[in-house]
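In what follows, a single structure is set out as structure tokens and then discussed.
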Amino acid sequence: MRGYSTGIGSNPHGITIGDFNNDHILDIIAVTAGTNQVILAQGYGNGTFGNETSYTTGYNFNPYAVAVGYFNGDNWLDIAIAIYQGDHIEILLKTC
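Each number in our numbering comes from the position in the sequence shown (counting from 1) with 347 added on.
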């Protein structure tokens, strides 16, 4: 088993997998309530992940859960994030 750090105090709450860059290799998305981020780690196809990219959801949003799907029908996976503070959902549409 291999672990991946999301950072000190990040408090990860949700994780999901999907092919977010259409390279036919699974990637990982995690949401961190402590640092208000969505973290994408690209899969290498051999059980390891890297090239992490972080996106900030907004100050004190506390993202709590994440789901993926083809929400706008363009064959790119989109991301839905449940936001604890403010009781709402953010939709991140992947358009290219």
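Ideal Cβ positions, reconstructed from N, Cα and C, are used throughout, including at glycine.
Three-state secondary structure (DSSP) at residue i?
i, result
"Ser357", "coil"
"Ile372", "coil"
"Asp366", "coil"
"Ala380", "coil"
Can you give me the Cβ contacts of residue i inside the same chain, cut-off strictly under 7 Å, excluding the 5 residues immediately before and after it?
i, result
"Thr353", "Pro359, Ala377, Thr379, Ile386"
"Gly392", "Ile372"
Pop quiz: residue i and residue j are said to be a contact at Cβ under 8 Å. What is the actual Cβ separation, rounded to whole angstroms?
i, j, result
"Gly390", "Phe396", "5 Å"
"Ile430", "Val415", "The pair is not a contact, with the Cβ atoms about 16 Å apart (cut-off 8 Å)."
"Asn368", "Asn407", "Contact flag wrong, Cβ pair sits at about 30 Å."
"Gly365", "Ala412", "About 15 Å; that fails the 8 Å criterion."
Between which residues of its own chain and residue i is the CB-CB distance below 6 Å, once the five residues before and five after are set aside?
i, result
"Asn454", "Look at the range of the chain in this structure, 348 to 443, and you will see that residue 454 is not part of it."
"Ser357", "Thr379, Gly381, Thr382"
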